[in-house]
Amino acid sequence: MVSEASGSGVGRSAEAGLLVSPAGLAPRERETGGLIRQAIPVVRGLYLLASRYFAAILLGAILLSILGVYLGWGKAAGGTTLMGEQIRNALVLGAIYALIAVGYTMVYGIIELINFAHGDVFTLSGFYAFIIAGWLGLDSMATSGIGGLLLALLIIFALTMAAAGLTGMAIERVAYRRLRDAPRLAPLITAIGVSFLLEGFMLVKFGPDNFPTHNANWITGQAFNVGGVSIGTKDIFIVGIALLLMFALGAFVRVTRLGKAMRSTAQDRAAALLCGININRTISVTFFIGSALAAGAAIIYSINYGSIQWSLGFRFGIIAFTAAVLGGIGNIVGAGIGGFLIGMIYVLGGSLVGGEWSESLIFAVLVLILTFKPVGLFGIDVTTRA
Amino acid sequence: MLRFFRRPVGSAQRAQGSTVFWILSVTASGLLLMGWLLPWFVEPTASGIGTSPQDVLLNPAGFADFLIYVIAATMLILVLSPLVEIAARIRKRQLPQIADRARLIAAVAGLALTVAVWLLVRYILGPRDSTLGPIDSHTVTDSAVWLTMYGYGVAALVYGARTWVLSRPNVAFGLVVLPFGALLPLMFHQAPDFLLWAAASLAVYTLLGLGLNIVVGFAGLLDLGYAAFFAIGAYACASFASPNHHIHLPLWVLIFIGAAVASVFGGILGAPTLRLRGDYLAIVTLGFGEIIPDLATNNVLGLTGGPSGISGIDQPSIGPINFGTNPQWFYWSLLILSIIVVLLLRNTEHSRLGRAWVAIREDEVAAAATGINTTSTKLLAFAMGASVSGLAGAFYGSIVTIVTPEDFSFSVSVAVLSIIVLGGIGNITGVILGSFVLTLVIFWILPHMNEWSMTVSAPDHPISFLPGLGTVNFTQYTYMVYGVALILMMLLRPGGLLPSRARRVELEKGIESESLAAVQGRA
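Protein chains in written order, with the numbering used here: chain C, 89 to 474; chain E, 6 to 528.
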């Protein structure tokens, strides 16, 4: 008599002695009925299917779009060369997204904050790299020969990453630390504030237009040619550096004491504190590493594209965040893979439906992931996050 | 008389009352300062009170200048008095009561004197007296005197009716805001047009803040794509009142269309995000807020006119009055509309629906357990917030007569968010205050800083002490203002300038991570 919708406790009491009339327990919705009510199980079933096979659907869509570019559906011209070039571009872009996404995912993993300022730290590091190269005269050094190039790259990566890391630590110290135990809305709003502060600073300091950097011609030449697709040394360098940095980070988190401290802080902050881990230092280090990786992304971005703009970080940030969510937020490897997947979706989707739609496409993917599979492809199901 | 000045007892009352008291004091001194400095913001072209203070200072002569000195002295007293009060408060957390009386006398005297001088200048001396110069032609003087008078009025209210202000903080604030809002076009009745546009955009931003306050403040759902609904309202207006589709509907129909279309989109956005909470919801709404301008840029279905947008939107009119030539009518109608919206929202806030929103904000599971239909309640929050935004968007469209996708970027969403964070999340009065403060800074102070810096840094100017000042573009600092406002408010005063009570408890005490607080010995 008692409907299955009411809880088991109620059911037992009703069976025991019918303390409550079963009619009173029947859910109200029963009485209304209608088309919408009949459609609900269908919608729910479709929803469950979509969320269960989300990874398969996404990979299928990517493979289909590679095929689409190859066959020349939509606005793409078609052919092997185009497909190869688009995959190359997607990998380069994906490497940049992956490096930024790792910063998002680390910060979210450890203090559950969407660090809106991260995208702007990325842009700011691009300007840092420009200033440092100008100060030390790295441009002439880099173009003087292979030895000079390696030295210049070493210097610029080290200094820019250090500067960006310190910026990230300073942001955490000033803006987020005090709000660590506040409700989650508060640090999120502060993060938006930091993002706007940085963007405003860059707008005032470097002007509203595209800001040319000189390191686009640091690395030139073609490495090899695969079936008509020319792969430049630059492309190999970019993807290689991104992978190297991410593997270094993975090793750091897995092997070192500090990495262990980071993992335990992410798992349970109170328990980590009880074990004697210095939480403030651990979180600072997390911000340092995340921002340093964003700086690495900024350097390879400016080496590849040769310019930077004050508002660049905002959309790059959202796209990279999408990558982090796609890979399962809090999961470093997932963020890396997500970055490359998002690069694929961006480039291939853009060449199928038109480049002006590629950002909308990414935002649509973001909305779809969060709606159907908020834990991402490689995430663990934590109910409070969804 | 002494009883009149005594501070009221009761800590809760004092806690909120003193906030309003501070805001009013700062408002009064801000208005006074603005009225006082307004002449400096304008190119010095002639002698007189208004246009060129340094002329007055350099060549003191005659009765009018004496009056100016008297006014300046009383102004200084009033401007300094809040500072004195701050110092006193910091020192002993108590007010010297004699200072109150002195300030009241100064306020009343200053008000009377300013009225007298204004009448003198405007109606008796002005057109004839050559010593005062061609003041009548300089509307700046009028605006300056209006602002000063209003500042004195607020100061008199604050210092004269202290007990009353402290016991009815929101009413007192409303008494300040409403007349100020009503007087704004009067103050600038002949002033440059852009001040009127600034007043109109203030009203638009107030409406936006009120709408976002439903979603963020009442229901606790952080919406970072609020500009999308604004865009939808504006584009709805643009489509139905422009040569673009050859449809010309009057604005009074359009605002309902804008509100309806926006609320439908609010529901559409709300439906898939119902399962999400907190920051994930924020990100989804942010994505939505980026998709809508992208759709408009890419001219989806040929409806939106691409990157250049839709232009030539009709200017509304009532009978012979055309709003386009008389921009203050926009302001008046927006003011009336805002008052209606405020009244409706106030009633909703205390209705069954409003209480359901608060319950969901505090604890969704518990709210569902008490029988609240969380799905429809959250959807209603989204739809209602969106409809207010659509309303504002329809007005915005007919004010600016051209809508382009760039008008609805993320910075608009953040501007509205800054307004409610600054004013006080969840408090209607606070939201109004926030929109006043922020639009004043963005649309009034920063552009005037530009003029001022250019004037001051001119080589022949007597006080050109900072030569590089003229090249600074202060309007570029808009982003930094938003950022600093958000950071400082969250760090120093998370409830906003005028916090709502429930929200303040939640934000300042913190409800999460109690175990950690216990471990660190802070609980």
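No residue lacks a Cβ here, since even glycine has one placed at the ideal position from N, Cα and C.
| Item | Value |
| --- | --- |
| Contacting positions in the stretch 270–291 of chain E - beta carbon closer than 8 Å to chain C | P277, T278, R280, L281, R282, G283, D284, Y285, A287, I288, V289, L291 |
| Amino acids of chain C, ordered along the chain, whose beta-carbon sits closer than 7 Å to that of Q320(E) | Chain C residues near Q320(E): none, gap ~31 Å exceeds 7 Å. |
| Within-8 Å CB hit, D2(E) to chain C | Because chain E spans 6 through 528 in this model, residue 2(E) falls outside it and cannot be assessed. |
| Contact list for F531(E) against chain C, beta-carbon separation under 9 Å | Past the edges of chain E, shown from 6 to 528, lies residue 531(E), and the structure says nothing about it. |
| Reduced DSSP secondary structure (H/G/I, E/B, other) of G559(E) | The shown model of chain E, from 6 to 528, leaves out residue 559(E), and the question about it has no answer. |
| Burial state of A276(E) (16 or more Cβ within 10 Å) | exposed |
| Residues of its chain near T353(E), where Cβ-Cβ distance is below 7 Å and the 5 sequence neighbours each way are ignored | G359 |
| Helix, strand or coil at H302(C) [DSSP, three-state] | helix |
| Where the alpha helix (DSSP H) containing V341(C) begins and where it ends | 321–343 |
| Interface flag, I260(E) vs chain C, CB-CB below 8 Å | no |
| Members of the stretch 357–389 of chain C that neighbour chain E once the beta carbon cut-off is set at 8 Å | R357, A358, L361, L362 |
| Outcome for P504(E) when other beta-carbon atoms lying within 10 angstroms are tallied against a minimum of 16 | buried |
| C-alpha gap between N327(E) and Q320(E), whole angstroms | 7 Å |
| D412(E): first and last residue of the uninterrupted alpha helix (DSSP H) it sits in | Here D412(E) belongs to no alpha helix (DSSP H), and DSSP marks it neither H nor E. |
| Reduced DSSP category for V221(E) - H, G, I as helix; E, B as strand; rest coil | helix |
| Beta-carbon separation (whole angstroms), G309(C) vs G320(C), contact threshold 8 Å | 7 Å |
| Chain C within 8 Å of M154(E), Cβ atoms only | no |
| Cβ-based burial, R133(E) [other Cβ within 10 Å; buried from 16] | Low per-residue confidence applies at R133(E): pLDDT is 41, beneath 50, and the placement is therefore not dependable, though the value from the model is reported in the following sentence. R133(E) comes out exposed. |
| Residues, ordered as in the chain, of the stretch 143–158 of chain C that lie near chain E by beta-carbon distance below 8 Å | none |
| Burial state of P248(E), where buried means 16 or more other Cβ atoms lie within 10 Å | exposed |
| Those residues which DSSP pairs with Q310(C) across a bridge | G320(C) |
| Nonlocal neighbours in the same chain, by C-beta distance under 6 Å from L337(C), ignoring five residues either side | none |
| Per-residue burial, N305(C) [other beta carbons within 10 Å of its own, 16 or more giving buried] | exposed |
| Backbone CA spacing between A386(C) and G256(C) [nearest angstrom] | 14 Å |
| Three or more C-beta pairs below 8 Å linking the stretch 411–418 of chain E and the stretch 443–451 of chain E | no |
| Neighbourhood of Y399(C) by C-beta distance below 7 Å, restricted to the same chain and skipping five residues each side | Here the sequence assigns Ser to residue 399(C), which means Tyr is not the residue at that position. So the list reads E287, once near-sequence residues are dropped. |
| From R265(C), H302(C), I430(C), R345(C), residue whose alpha carbon lies closest to that of S390(C) | H302(C) |
| Straight-line gap, V190(C) to S381(E) (C-alpha atoms, nearest Å) | 37 Å |
| Contiguous alpha helix (DSSP H) assignments of at least 4 residues, all confined to the stretch 426–471 of chain C | 446–460 |
| Reduced DSSP secondary structure (H/G/I, E/B, other) of N327(E) | strand |
| Interface flag, N303(E) vs chain C, CB-CB below 8 Å | yes |
| C-beta contact flag for F451(C) and I296(E) at 8 Å | yes |
| Residue of V435(C), V455(C), G418(C) minimising C-alpha distance to Y192(C) | G418(C) |
| Alpha helix (DSSP H) segment containing D208(C), residue limits | 206–224 |
| Contacting residues, own chain, Cβ-Cβ under 6 Å from A264(E) (five flanking each side not counted) | S392, G395, L396 |
| Burial state of C363(C), where buried means 16 or more other Cβ atoms lie within 10 Å | exposed |
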